[in-house]
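Undergrad: Could you have a look at this structure, given as structure tokens, before my questions?
Numbering (our numbering), first residue to last: 1 to 613.
Structure representation (structure tokens):
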């Protein structure tokens, strides 16, 4: 029977480091033994003199330490190697039951067998040919010859051009180079410039990239695991820190943007044994604004919010009021003849919603929805927190903080004081909280002059990356706290589930690596922001292609989703708003990016001129 042969390290499995030597520096710091890493590297070099292959035992024989110390160090090295090792999914999923491993490696055979068992790699122990046991190597071609005595090898796959390709071909075996583990992506290179901790984080990101399943688009997986994940993890780490500083012990993550943040925070909290409870709160503009309605002046901003143009149906959906009753109001106000789906000017709509009849209609709707809203909040513990005055935090993507304002209004309607609740957001812009005391932005904050990302404009892009695996929350349907979820487009859930898997893969590798390097932190030097800024402002064509089949909707109640990026024409560049939710992506997709770039430069210049005049 013909079998395939596989290299082991950096082909089937890899370490969560960019270099094997990092293992020795981790040991040095863990046992507080200055100089161990250099001594261990020198010992390996000395152990290879005069022999074709070395072993771990032989290496440690060349270390000038007491025997008991060497024994403990050797045991620790094997333990750390095990903790650092992960499977490369792309190749592991191609392994067949009778395939073999041919590997140049000084680590003992028993250790390799245990690693394969732990990682569920289906290669039998008898099918492992390793240089530390035979003292023959691929480099000399002798290990291939040894394997070929009992195996008919169809193809060998490995990452080393000499050992895995040239020498396999010299032995008469067809060879295939595996390059994914050797190359560094631009994001990984970006992190390697951030010193020792940055190099360690680059290893984490490389591990997440190599964990891409065969069912995922590799480019899309790379975007989510290497650009999106570090930014979201940084936000969550900052969120936990801010919550602890303010004495907050309960965080409510608002759907849908808060779903992936909830998953990240829950893992970080559990891993660090932090005394904070994370709760996923089903919430939305449509489900909360009307129950929280108090004054038409404050409600006007969300009733008449974008996207424009608006119709009576849109207003009815946003306010949970019957469209026919709004039409009846129009008849009495000399607005007869307007259809339910007719596009209306904002000044006309302002007159309609300011009328006493409409205000009475929305108050009636608000009163009818409040009991089921109360029931749901009671079921998740939020009502008890309000009543007891517990310090809590709301977590969302942010910007105007209007959902928080509606929660505050509902809280007051139920006889409680909302002053002990705080909002944590990616950005705060045109906030309902004018003093900046109860709403805080991470990337952008209108009340904080030290913004991490000034002039942030890619709200839709960030929302796209934080999509949830369920549809929009429409309402709280009954007194039993049941949540009504809107429909999701075909294929939506599977697509988003893979995106979440990519983000959580980074988180999993990050948490595992932090057990060895406790100072590891994606918030280090705010380095997670640069890759996102580069992607947002100047994406590569393949990145746009990877995201071009995604959909997005700005309208809360609508089940209609539109393409996130779309083809545009030259004439579209002269419009106030370029079509598509991500104009840079649409311009790149349409090969008009250079023209769009100059348009942005001109717009900035005009803005600067106006400021100086």
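By construction, the Cβ of each residue, glycine as well, lies at the ideal position given by its N, Cα and C atoms.
Measuring alpha carbon to alpha carbon, tell me which residue in 196, 367 and 194 is nearest residue 294.
TA: Within the chain shown, numbered from 1, the residue matching residue 294 stands at position 294. Of the candidates 196, 367 and 194, the one whose C-alpha sits nearest the C-alpha of residue 294 is 367.
Undergrad: From residue 350 to residue 302, what distance separates their C-alpha atoms?
TA: In the chain shown, residue 350 corresponds to position 350, counting from 1. In the chain shown, residue 302 corresponds to position 302, counting from 1. Approximately 12 Å between the Cα atoms of the pair.
Undergrad: Is the Cβ-Cβ distance between residue 146 and residue 168 less than 9 Å?
TA: Working through the chain shown from its first residue, we reach residue 146 at position 146. Working through the chain shown from its first residue, we reach residue 168 at position 168. No, Cβ-Cβ distance for residue 146 and residue 168 is not below 9 Å.
Undergrad: Would you call residue 596 buried or exposed, if buried means 16 or more other Cβ atoms sit within 10 Å of its Cβ?
TA: Counting from one through the chain shown, the residue named residue 596 turns up at place 596. Buried, because 16 or more other Cβ atoms sit within 10 Å of the Cβ of residue 596.
Undergrad: For residue 223, which option in 570, 547 and 606 has the closest C-alpha, if you only look at C-alpha atoms?
TA: Reading the chain shown from its first residue, position 223 is the one you call residue 223. With distances taken between Cα atoms, residue 223 lies closest to 547.
Undergrad: Using a threshold of 9 Å, state whether the C-beta atoms of residue 475 and residue 369 are closer than that.
TA: For this step, residue 475 is matched to residue 475 along the chain shown. For this step, residue 369 is matched to residue 369 along the chain shown. In this structure, residue 369 lies closer than 9 Å to residue 475 by Cβ.
Undergrad: Would you call the region 103 to 113 and the region 127 to 142 touching, i.e. three or more CB-CB distances under 8 Å?
TA: Flag = yes, the region 103 to 113 and the region 127 to 142 touch.
Undergrad: I believe residue 428 touches residue 283 by the beta-carbon criterion, under 8 Å. Please report the beta-carbon distance rounded to the nearest angstrom.
TA: Indexing the chain shown from 1 puts residue 428 at position 428. Indexing the chain shown from 1 puts residue 283 at position 283. The pair is not a contact, with the Cβ atoms about 18 Å apart (cut-off 8 Å).
Undergrad: Determine contact between the region 384 to 398 and the region 412 to 423, defined as no fewer than three beta-carbon pairs at a distance below 8 Å.
TA: A contact exists between the region 384 to 398 and the region 412 to 423.
Undergrad: For residue 227 and residue 464, what's the separation of their Cα atoms in angstroms?
TA: By 1-based counting over the chain shown, the position of residue 227 is 227. By 1-based counting over the chain shown, the position of residue 464 is 464. Using only the alpha carbons, I get a separation of about 13 Å.
Undergrad: Mark residue 608 as exposed unless 16 or more other C-beta atoms lie within 10 angstroms of its C-beta, in which case mark it buried.
TA: Working through the chain shown from its first residue, we reach residue 608 at position 608. The residue in question, residue 608, is exposed, as its Cβ has fewer than 16 Cβ neighbours within 10 Å.
Undergrad: Going by Cα to Cα distance, which pick from 571, 534, 589 and 575 is closest to residue 544?
TA: In the chain shown, counting from the first residue as 1, residue 544 sits at position 544. Taking only the C-alpha atoms, the option nearest residue 544 is 589.
Undergrad: Where does residue 617 land, buried or exposed, given buried means 16+ other C-beta within 10 angstroms?
TA: Residue coverage of the chain in this structure runs from 1 to 613, which leaves residue 617 outside it and unanswerable.
Undergrad: Indicate the three-state DSSP secondary structure (helix, strand or coil) for residue 254 in the structure shown.
TA: Looking up residue 254 in the chain shown gives position 254. Looking at residue 254 - three-state DSSP - the assignment turns out to be strand.
Undergrad: List, from N- to C-terminal side, the alpha helix (DSSP H) runs of 4 residues or more that fit wholly inside the region 219 to 245.
TA: As far as the region 219 to 245 is concerned, its whole alpha helix (DSSP H) runs of at least 4 residues are 229 to 245.
Undergrad: Assuming residue 248 and residue 268 form a contact by the criterion Cβ under 8 Å, report the distance between their Cβ atoms to the nearest whole angstrom.
TA: In the chain shown, residue 248 corresponds to position 248, counting from 1. In the chain shown, residue 268 corresponds to position 268, counting from 1. Their Cβ separation, rounded to whole angstroms, is 15 Å, which puts residue 248 and residue 268 out of contact at 8 Å.
Undergrad: My guess is that residue 274 and residue 250 are in contact by the Cβ rule of under 8 Å, so how many angstroms apart are they, rounded?
TA: Position 274 of the chain shown, counted from the first residue, corresponds to residue 274. Position 250 of the chain shown, counted from the first residue, corresponds to residue 250. About 12 Å separates the two Cβ atoms, so there is no contact after all.
Undergrad: Roughly how many whole angstroms lie between the Cα atoms of residue 96 and residue 174?
TA: Stepping through the chain shown from its first residue, residue 96 is reached at position 96. Stepping through the chain shown from its first residue, residue 174 is reached at position 174. So the alpha carbons of these two residues sit roughly 17 Å apart.
Undergrad: Would you kindly work out how many angstroms separate the C-alpha atoms of residue 31 and residue 197, rounded to a whole number?
TA: Here the question's residue 31 lines up with position 31 in the chain shown. Here the question's residue 197 lines up with position 197 in the chain shown. Cα to Cα, the separation comes out at about 18 Å.
Undergrad: In its own chain, which residues sit with a C-beta less than 8 Å from the C-beta of residue 194, not counting the 5 before and 5 after it?
TA: One-based indexing of the chain shown puts residue 194 at position 194. Cβ within range, chain order: 201, 524, 525 and 527.
Undergrad: Would residue 447 and residue 435 qualify as a contact pair, given that the criterion is a beta-carbon distance under 9 Å?
TA: Locating residue 447 in the chain shown gives position 447, where the first residue counts as 1. Locating residue 435 in the chain shown gives position 435, where the first residue counts as 1. The answer is yes: Cβ separation under 9 Å.
Undergrad: If the criterion is Cβ atoms closer than 9 Å, does the pair residue 354 and residue 296 meet it?
TA: If you number the chain shown from 1, residue 354 lands on position 354. If you number the chain shown from 1, residue 296 lands on position 296. Yes. Within cutoff.
Undergrad: For residue 212, which residues in the same chain have their Cβ closer than 7 Å to its Cβ, ignoring the five residues on either side in sequence?
TA: Taking the first residue of the chain shown as position 1, residue 212 is located at position 212. Contacts found: 89, 90, 218 and 221.
Undergrad: How is residue 612 classed by DSSP in three states: helix, strand or coil?
TA: As a first step, residue 612 must be located in the chain shown, where it is residue number 612. Helix at residue 612.
Undergrad: Quick one: grab the DSSP three-state call for residue 248.
TA: Numbered from 1 along the chain shown, position 248 holds the residue referred to as residue 248. Residue state, collapsed to three classes: coil.
Undergrad: My understanding is that residue 208 touches residue 509, with C-beta atoms under 8 Å, so please give their C-beta distance in whole angstroms.
TA: Locating residue 208 in the chain shown gives position 208, counting from the first residue. Locating residue 509 in the chain shown gives position 509, counting from the first residue. Yes, residue 208 and residue 509 are in contact; Cβ-Cβ is about 5 Å, under 8 Å.
Undergrad: Please report the residue range of the alpha helix (DSSP H) in which residue 339 lies.
TA: For the purposes of this step, residue 339 is identified with residue 339 of the chain shown, where counting begins at 1. Premise fails: residue 339 is in no alpha helix (DSSP H) and is neither H nor E.
Undergrad: Quick test of your reading: residue 512 and residue 16, contact by CB under 8 Å. State the CB separation rounded to the nearest angstrom.
TA: As a position in the chain shown, residue 512 is number 512, starting the count at 1. As a position in the chain shown, residue 16 is number 16, starting the count at 1. The pair is a contact, with the Cβ atoms about 7 Å apart (cut-off 8 Å).
Undergrad: So within the region 473 to 558, which uninterrupted beta strand (DSSP E) runs reach at least 3 residues, ignoring any that extend past its ends?
TA: As far as the region 473 to 558 is concerned, its whole beta strand (DSSP E) runs of at least 3 residues are 473 to 476 and 483 to 485.
Undergrad: Alpha carbon to alpha carbon, how far is residue 580 from residue 403?
TA: Position 580 of the chain shown, counted from the first residue, corresponds to residue 580. Position 403 of the chain shown, counted from the first residue, corresponds to residue 403. Computed Cα separation, rounded: 25 Å.
Undergrad: Compute the Euclidean distance between the alpha carbons of residue 407 and residue 114, then round it to the nearest angstrom.
TA: What you label residue 407 is simply residue 407 of the chain shown in a count that begins at 1. What you label residue 114 is simply residue 114 of the chain shown in a count that begins at 1. Between residue 407 and residue 114, the C-alpha separation is close to 53 Å.
Undergrad: Regarding residue 579 and the ligand FAD, is the C-beta to nearest heavy atom distance less than 8 Å?
TA: Here there are no bound small molecules, and the ligand FAD is not part of this structure.
Undergrad: With DSSP collapsed to three states, give me the class of residue 455.
TA: One-based indexing of the chain shown puts residue 455 at position 455. Reduced to three states, the DSSP call for residue 455 is coil.
Undergrad: Considering only the alpha carbon of each residue, which of 381, 319 and 331 lies closest to residue 361?
TA: Looking up residue 361 in the chain shown gives position 361. If we check each option's Cα against that of residue 361, 319 comes out closest.
Undergrad: At 4 residues or longer, what runs of the alpha helix (DSSP H) sit wholly inside the region 128 to 206?
TA: Fully enclosed alpha helix (DSSP H) runs of 4 or longer: 131 to 134, 142 to 148, 167 to 170 and 186 to 192.
Undergrad: Please look up how many angstroms separate the CB atoms of residue 102 and residue 156, rounded, as I've assumed it's under 8 Å.
TA: Numbered from its first residue, the chain shown carries residue 102 at position 102. Numbered from its first residue, the chain shown carries residue 156 at position 156. Between residue 156 and residue 102 the Cβ distance is about 7 Å, and since that is below 8 Å, they are a contact.
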